[in-house]
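Undergrad: Residue numbers (my numbering), protein chains in the order written: chain A, 866 to 998; chain B, 866 to 998; chain C, 866 to 998; chain D, 866 to 998.
Glycine is no exception: its CB is placed at the ideal position from the N, C-alpha and C atoms.
First the structure, which I've put down as structure tokens, then a few questions once you've had a look.
There are 4 protein chains.
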Amino acid sequence: MNITLAQAEAAISAAKKKAIKLKTKMNICVVDAGSNLIAFAHMDGGWIGSVDISMKKAKTAAWFLMDTAALSPLVQPGEALFNIEHSNGGLITFPGGVVIKDEAGEVIGAIGVSGSTVDNDHAVAIAGMEAIK
Amino acid sequence: MNITLAQAEAAISAAKKKAIKLKTKMNICVVDAGSNLIAFAHMDGGWIGSVDISMKKAKTAAWFLMDTAALSPLVQPGEALFNIEHSNGGLITFPGGVVIKDEAGEVIGAIGVSGSTVDNDHAVAIAGMEAIK
Amino acid sequence: MNITLAQAEAAISAAKKKAIKLKTKMNICVVDAGSNLIAFAHMDGGWIGSVDISMKKAKTAAWFLMDTAALSPLVQPGEALFNIEHSNGGLITFPGGVVIKDEAGEVIGAIGVSGSTVDNDHAVAIAGMEAIK
Amino acid sequence: MNITLAQAEAAISAAKKKAIKLKTKMNICVVDAGSNLIAFAHMDGGWIGSVDISMKKAKTAAWFLMDTAALSPLVQPGEALFNIEHSNGGLITFPGGVVIKDEAGEVIGAIGVSGSTVDNDHAVAIAGMEAIK
Numbered sequence: 866m867n868i869t870l871a872q873a874e875a876a877i878s879a880a881k882k883k884a885i886k887l888k889t890k891m892n893i894c895v896v897d898a899g900s901n902l903i904a905f906a907h908m909d910g911g912w913i914g915s916v917d918i919s920m921k922k923a924k925t926a927a928w929f930l931m932d933t934a935a936l937s938p939l940v941q942p943g944e945a946l947f948n949i950e951h952s953n954g955g956l957i958t959f960p961g962g963v964v965i966k967d968e969a970g971e972v973i974g975a976i977g978v979s980g981s982t983v984d985n986d987h988a989v990a991i992a993g994m995e996a997i998k
Numbered sequence: 866m867n868i869t870l871a872q873a874e875a876a877i878s879a880a881k882k883k884a885i886k887l888k889t890k891m892n893i894c895v896v897d898a899g900s901n902l903i904a905f906a907h908m909d910g911g912w913i914g915s916v917d918i919s920m921k922k923a924k925t926a927a928w929f930l931m932d933t934a935a936l937s938p939l940v941q942p943g944e945a946l947f948n949i950e951h952s953n954g955g956l957i958t959f960p961g962g963v964v965i966k967d968e969a970g971e972v973i974g975a976i977g978v979s980g981s982t983v984d985n986d987h988a989v990a991i992a993g994m995e996a997i998k
Numbered sequence: 866m867n868i869t870l871a872q873a874e875a876a877i878s879a880a881k882k883k884a885i886k887l888k889t890k891m892n893i894c895v896v897d898a899g900s901n902l903i904a905f906a907h908m909d910g911g912w913i914g915s916v917d918i919s920m921k922k923a924k925t926a927a928w929f930l931m932d933t934a935a936l937s938p939l940v941q942p943g944e945a946l947f948n949i950e951h952s953n954g955g956l957i958t959f960p961g962g963v964v965i966k967d968e969a970g971e972v973i974g975a976i977g978v979s980g981s982t983v984d985n986d987h988a989v990a991i992a993g994m995e996a997i998k
Numbered sequence: 866m867n868i869t870l871a872q873a874e875a876a877i878s879a880a881k882k883k884a885i886k887l888k889t890k891m892n893i894c895v896v897d898a899g900s901n902l903i904a905f906a907h908m909d910g911g912w913i914g915s916v917d918i919s920m921k922k923a924k925t926a927a928w929f930l931m932d933t934a935a936l937s938p939l940v941q942p943g944e945a946l947f948n949i950e951h952s953n954g955g956l957i958t959f960p961g962g963v964v965i966k967d968e969a970g971e972v973i974g975a976i977g978v979s980g981s982t983v984d985n986d987h988a989v990a991i992a993g994m995e996a997i998k
């Protein structure tokens, strides 16, 4: 099962609300389980360099079935996955990419957020993910 | 002046309505005047190969300040711009990319649509563009 | 021998004058004999999609020691170099790329121009090339 | 508002003067607010590997609305943005990219300099930025 456009739009809408609450200007991207782009929004005045980062966060989460925050410790120098970012045309492995699951726990997509601190990015991604029932 | 997210979302909403009317499943992309991604929607069941095509159509229109339909005759074998598609990381030069202007006639962005015949793609892009006042 | 920055700037200055005379807004790129970027100018309001095209025209001319106009007939369907544009990260093989030679006839660089018709592009490139003694 | 070619050329001219004063041979790149190339100069004998670095510094500054020097501490191992360089086709996050603002404080472009120590690169970029009124 893959995420629908209606679900992706609900996630983006919730993420935007959270972003406004945090006084941030975010790029928000939702991909399906196959890492294909389903929906995207760039909030006015947000960093344009974060368009690509939000996409790569969402794709990275979908590709490895885990939040990008879970990858961050594993990619440090000396760790097992050091420099994994060189694969797949470029990964982003810091927080802000969050997997989206259905009721059975199956990954149906992922949301990636970029445009502020990684803590804010992650919080906005979580808000988007939680909008999907 | 650049297109706002609210304008881009209005364009996508109108484009989706037109796509449904034509019984098609489209990928719809809106970029700003600098060709940066502002909003995107992939309709359920649409071709995933058209995600990238819709983006490249929108970017091509923004980069050259003209609808992609205007480029199509110029890029044929023997014509002046043959194989221009190899620039800018890949152009798409068949119909479905349409420029978006403000009231003063200035280009503020572009919409790219892909997922059906090029006639349908172009019609859906026009419907999206016309939603912006 | 390679083109100097002073020579490249003289070429761009002359090319800009010609572009203004033709009422066009050009992107003008000068590379050295090794196809490395030496100088560049984007005239206000010019197509941003032509930034990359002007670079690829200059590089294509430098890589093959001939004007891009000389390549155009050879890259047509059925001809010897059909689809050569897939090499080198993307070639542009229509007019507007012109080699620059020293007094001994040695290629010292190339100029690429994009932003109008290919005839205008080529004329502006020639004007730039002729500024170099 | 975007930087004009005249402004970009003034920045490059001032940057070249500073580079000569520091006895360095620099690559100097100016981009607009959308990260599109406006002007470029490669000083005779400069590193050709720095052509691309100067461009990526300018684009990185424009994409994130901050000097690249501000990014350097954030991208170290263990820090929040470790390996962000894998986005956007390659970022450069050490000093030498500087944002250019108008009188209202709005970012209108950025300048990127590469060819010497990062301290010299940064100093030359600042000199270029300060030439724009």
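1. Taking the continuous beta strand (DSSP E) assigned at G914 (chain B), which residues delimit it?
2. Nearest-angstrom Cα distance between K924 (chain A) and N901 (chain A)?
3. Can we say the segment 954-971 of chain C touches the segment 916-923 of chain C, given the rule of at least three CB pairs closer than 8 Å?
4. So, does the CB of V916 (chain B) fall closer than 7 Å to a CB anywhere in chain A?
5. On the three-state DSSP scale, how would you describe S981 (chain A)?
6. Can you give me the C-alpha to C-alpha distance between E944 (chain C) and G914 (chain D), rounded to a whole angstrom?
7. If you draw a straight line from the C-alpha of H987 (chain D) to the C-alpha of A880 (chain D), how long is it?
8. Would G974 (chain B) pass as an interface residue toward chain D - the criterion being a Cβ-Cβ separation below 7 Å?
9. Using a C-beta to C-beta distance shorter than 8 Å, which residues of chain B count as neighbours of N953 (chain D)?
10. The segment 884-908 of chain B: which residues have C-beta closer than 7 Å to a C-beta of chain D, in chain order?
11. Considering only the alpha carbon of each residue, which of B:D909, B:A926 and B:F947 lies closest to A975 (chain B)?
12. Using a threshold of 7 Å, state whether the C-beta atoms of M908 (chain C) and K890 (chain C) are closer than that.
13. Thinking just about the alpha-carbon of each residue, which of D:L936, D:A884 and D:E971 is nearest to the one in D897 (chain D)?
14. For W912 (chain B), decide whether its Cβ has a neighbour in chain C, counting only Cβ atoms nearer than 7 Å.
15. Is there a Cβ of chain C sitting closer than 7 Å to that of T869 (chain D), yes or no?
16. Given a cut-off of 7 Å, decide if A871 (chain D) and V895 (chain D) are closer than it, judged by their beta-carbon atoms.
17. Please name the residue, chosen from D:D932, D:A906, D:N948 and D:E874, that lies closest to G980 (chain D) on a Cα-to-Cα basis.
18. Of the residues A:E995, A:A904 and A:P938, which one's Cα is nearest the Cα of E968 (chain A)?
19. For K882 (chain D), which residues in the same chain have their Cβ closer than 8 Å to its Cβ, ignoring the five residues on either side in sequence?
20. Could you give the first and the last residue of the continuous alpha helix (DSSP H) run that contains I885 (chain D)?
21. Pull up the DSSP beta-bridge partners for D897 (chain D), would you.
22. Would a check of beta-carbon distances place P942 (chain B) closer than 7 Å to chain C?
23. Is A873 (chain A) near I893 (chain A), with beta carbons less than 7 Å apart?
24. Closest Cβ-Cβ distance between A945 (chain B) and chain C: below 7 Å?
TA: Inspection of the coordinates gives the following:
1. It is not in any beta strand (DSSP E) - G914 (chain B) instead sits in the alpha helix (DSSP H) that spans G914 to F929.
2. 8 Å
3. yes
4. Look at V916 (chain B): its C-beta is under 7 Å from a C-beta on chain A.
5. coil
6. 36 Å
7. Taking the straight line joining both Cα atoms gives about 10 Å.
8. At a cut-off of 7 Å between beta-carbon atoms, G974 (chain B) makes no contact with chain D.
9. Those within 8 Å of N953 (chain D) in chain B number zero; the least Cβ separation is about 11 Å.
10. G899 and N901
11. B:A926
12. yes
13. When the alpha-carbon of D897 (chain D) is set against those of D:L936, D:A884 and D:E971, the nearest one is in D:E971.
14. no
15. Yes, its Cβ sits closer than 7 Å to a Cβ of chain C.
16. no
17. D:A906
18. A:E995
19. A992
20. It spans L870 to K886 - the alpha helix (DSSP H) in which I885 (chain D) sits, taken as one unbroken run.
21. The partner list for D897 (chain D) (beta bridge, DSSP) reads D:G974.
22. yes
23. Against a cut-off of 7 Å, the Cβ pair of I893 (chain A) and A873 (chain A) comes out as no contact.
24. yes
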